[in-house]
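Written below as structure tokens is the structure these notes are about.
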Amino acid sequence: MSMKKRHRVIICSLTVLLMACAQTPTEMHYFPQGNASAEGRVWPALPDVPRYSFVGQLVGEQNFGAAEQSQPDAMTKVFRWVVGLGAGAEREPRVLLRPQTGMVDSQGRILVTDVGRGAIFVFDAKAGKLFIWNRADGGDTFASPIGIAAGANGEILVADADLQRVVRLGPGGEPLGSIGNGQLQRPTGLARDPAGKHIYVADTRQHNIVVFNDVGTLIRKFGQQGTRPGDFNAPTYLSFTHNKLYITDTLNSRVQVFSTDGQALNTFGKRGLYVGNLTRPKGVTVDADGNVYIVESYYDHLLIFNPTGEFLLAIGGTGASVGNFYLPAGTWSDDQGRIYVADMYNGRVMIFQYLGG
12 MSMKKRHRVI ICSLTVLLMA CAQTPTEMHY FPQGNASAEG RVWPALPDVP
62 RYSFVGQLVG EQNFGAAEQS QPDAMTKVFR WVVGLGAGAE REPRVLLRPQ
112 TGMVDSQGRI LVTDVGRGAI FVFDAKAGKL FIWNRADGGD TFASPIGIAA
162 GANGEILVAD ADLQRVVRLG PGGEPLGSIG NGQLQRPTGL ARDPAGKHIY
212 VADTRQHNIV VFNDVGTLIR KFGQQGTRPG DFNAPTYLSF THNKLYITDT
262 LNSRVQVFST DGQALNTFGK RGLYVGNLTR PKGVTVDADG NVYIVESYYD
312 HLLIFNPTGE FLLAIGGTGA SVGNFYLPAG TWSDDQGRIY VADMYNGRVM
362 IFQYLGG
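So the number in the numbering used here is just where the residue sits in the sequence shown, counting from 1, plus 11.
So, in structure tokens, the structure goes:
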């Protein structure tokens with residue numbers, strides 16, 4: 012056998028081996044290297060009765076098994092050497108850069124928007140894989156994806172602030188079109204009322220909320236720039252739960268609650284310098300008991316209020332340790348009582364378990 016043929020046989024054999032390795036099942040876990048010791052952390056700390064426990068964090072491919080690790084295994088290194096790929100050809104690790112917010116879909120997948128990557132990270136525990144979607148509609152790629160929400164018929168809706176529209180994706184991330192073309196200036200927050208079949212979009216630049224139906228027809232707008240109840244100053248994140256719309260009115264340092272028809276009902280938080288006050292609120296979500304979670308991004312806290320607006324607890328403080336944040340952005344919850352926080356400048360999503368009470 013000639014040297015050339017032998018070289019081809021080696022490459023083909025290695026390719027088959029690599030394909031077999033790629034099909035090896037992997038598992039998603041919440042403790043990338045160096046964080047397993049954080050298990051057992053609770054808030055408030057003992058001897059008080061714990062209300063929240065630390066579940067773990069999501070950072071990217073490190074949350075998966077060996078086949079998903081950012082560092083190539085020995086077989087991959089041999090293959091690269093055989094085909095002439097040097098160290099300079101190593102791919103960039105698939106990790107979060109500047110996560111904004113997220114959601115948990117009906118399949119149990121955790122989807123996270125990332126403006127640093129211009130993509131949606133999909134953490135699929137059942138498949139044991141990390142997927143990254145960067146295709147928007149019309150041949151564009153995502154530029155500044157922020158809000159994300161479950162749409163009708165298994166669709167996923169993504170508000171892209173720079174593309175100035177809400178992109179519709181299929182369950183596999185395939186582009187299906189968009190909503191709000193020519194009607195939105197800087198869409199950020201996104202929420203959907205599954206019963207009323209209305210999509211709510213926070214337009215930060217227009218200081219209002221824009222409402223569409225599921226096919227993208229403009230239904231109405233409400234709000235204007237101001238400080239009175241029902242007014243906004245740069246609204247950002249949204250959450251729809253218990254038939255109410257929660258809107259982070261960021262530059263007014265408050266979260267306002269509205270009915271489905273746009274009537275102001277309540278306000279959470281107030282401007283101040285003490286823990287529990289708001290300076291630059293961002294993400295907002297609500298758990299099954301009606302407790303309201305607000306990200307206070309300026310002071311790096313997750314603030315927790317009861318349904319009537321009484322401040323209960325703060326988790327956080329500036330830093331990179333477990334339970335600390337660095338300019339956090341969005342927050343969301345799931346039906347297991349888990350609370351997720353997009354810890355933007357730490358490039359991760361922190362996960363906490365609500366223990367009840």
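We put the CB at the ideal spot given by N, CA and C, even for glycine.
Delimiting residues of the beta strand (DSSP E) encompassing residue i
i: T124; result: 121 to 125
i: V221; result: 219 to 224
i: N277; result: 275 to 279
i: R203; result: 198 to 204
i: R359; result: 359 to 365
i: H40; result: No beta strand (DSSP E) contains H40, which DSSP labels as neither H nor E.
i: D171; result: 167 to 171
i: D354; result: 349 to 354
i: S117; result: It is not in any beta strand (DSSP E) - S117 carries neither H nor E in the DSSP assignment.
i: L313; result: 312 to 316
i: S344; result: 342 to 344
Coarse secondary structure for residue i, derived from DSSP in three states
i: N288; result: strand
i: Q10; result: A question about residue 10 goes unanswered here, because the residues of the chain that appear run from 12 up to 368.
i: Q68; result: strand
i: T261; result: helix
i: A160; result: strand
i: G49; result: At residue 49 the sequence reads Ala, which differs from the Gly that was named. DSSP places A49 in helix when its eight states are reduced to three.
i: Q267; result: strand
i: A78; result: For A78, the pLDDT reaches just 41, beneath the cut-off of 50, and the residue's location in the model is therefore unreliable, leaving the point undetermined.
i: R282; result: strand
Residues sharing a beta bridge with residue i, DSSP
i: S189; result: V178
i: Q236; result: F243
i: Y212; result: The displayed chain sequence assigns Val, not Tyr, to residue 212. Paired residues: L201, V221.
i: K293; result: Answer by DSSP bridge pairing: none, since K293 is not bridged.
i: E307; result: P292, H312
i: S250; result: Y257
i: L141; result: F134
i: T228; result: Its beta-bridge partners do not exist; DSSP assigns none.
i: R146; result: T152
i: T329; result: F336
i: L324; result: I315
i: V106; result: G71
Neighbour-count burial assignment, residue i, 16 or more Cβ in a 10 Å radius
i: L96; result: With a pLDDT of only 46 at L96, under 50, the local geometry of the prediction cannot be trusted, and the value read off the model is given with reservation. The residue in question, L96, is exposed, as its Cβ has fewer than 16 Cβ neighbours within 10 Å.
i: V60; result: exposed
i: D272; result: exposed
i: I230; result: exposed
i: P297; result: Reading off the sequence, residue 297 comes out as Val, not Pro. Classification for V297: buried.
i: L366; result: exposed
i: E103; result: exposed
i: L347; result: Per the sequence presented here, residue 347 reads as Gln, with Leu not at that position. Q347 is exposed by the Cβ-count criterion.
i: Y63; result: buried
i: R128; result: buried
i: L69; result: buried
i: R179; result: buried
i: G193; result: exposed
i: H253; result: exposed
i: G330; result: exposed
i: P182; result: exposed
i: P292; result: buried
i: L57; result: exposed
i: W92; result: Because W92 carries a pLDDT of 46, less than 50, the predicted location of this residue cannot be relied on, and no value is offered for it.
i: A130; result: buried
i: L276; result: exposed
i: Y309; result: exposed
i: P205; result: exposed
i: Q82; result: Residue placement at Q82 is poorly supported in this model, since its pLDDT is 41, which falls under 50; the coordinates still yield a value, given next. With fewer than 16 other Cβ atoms within 10 Å, it is exposed.
i: D311; result: buried
i: V226; result: exposed
i: Y285; result: exposed
Chain D contact for residue i (CB, 8 Å cutoff)
i: T319; result: Of the protein chains in this structure there is only one, and it is not chain D.
Any non-hydrogen atom of the ligand FMN within 7 Å of residue i CB
i: G320; result: Only the bare structure without any ligand can be found here, which leaves the ligand FMN out of the picture.
>> Within 8 Å, do at least three Cβ pairs link the region 107 to 121 to the region 346 to 362?
In response: yes
> Are at least three pairs of beta-carbons, each pair with one atom in the region 143 to 155 and one in the region 170 to 184, less than 8 Å apart?
Replying inline: yes
>> With three or more beta-carbon pairs closer than 8 Å as the criterion, would you say the region 162 to 170 touches the region 108 to 127?
In response: yes
>> Whether or not the region 215 to 223 and the region 238 to 255 are in contact is what I'm after, with contact meaning three or more pairs of Cβ atoms, one per stretch, closer than 8 Å; do they touch?
In response: Yes: at least three Cβ pairs fall under 8 Å.
>> Between the region 192 to 210 and the region 153 to 160, can you find at least three pairs of beta-carbon atoms closer than 8 Å?
In response: With the cut-off at 8 Å, the region 153 to 160 and the region 192 to 210 touch.
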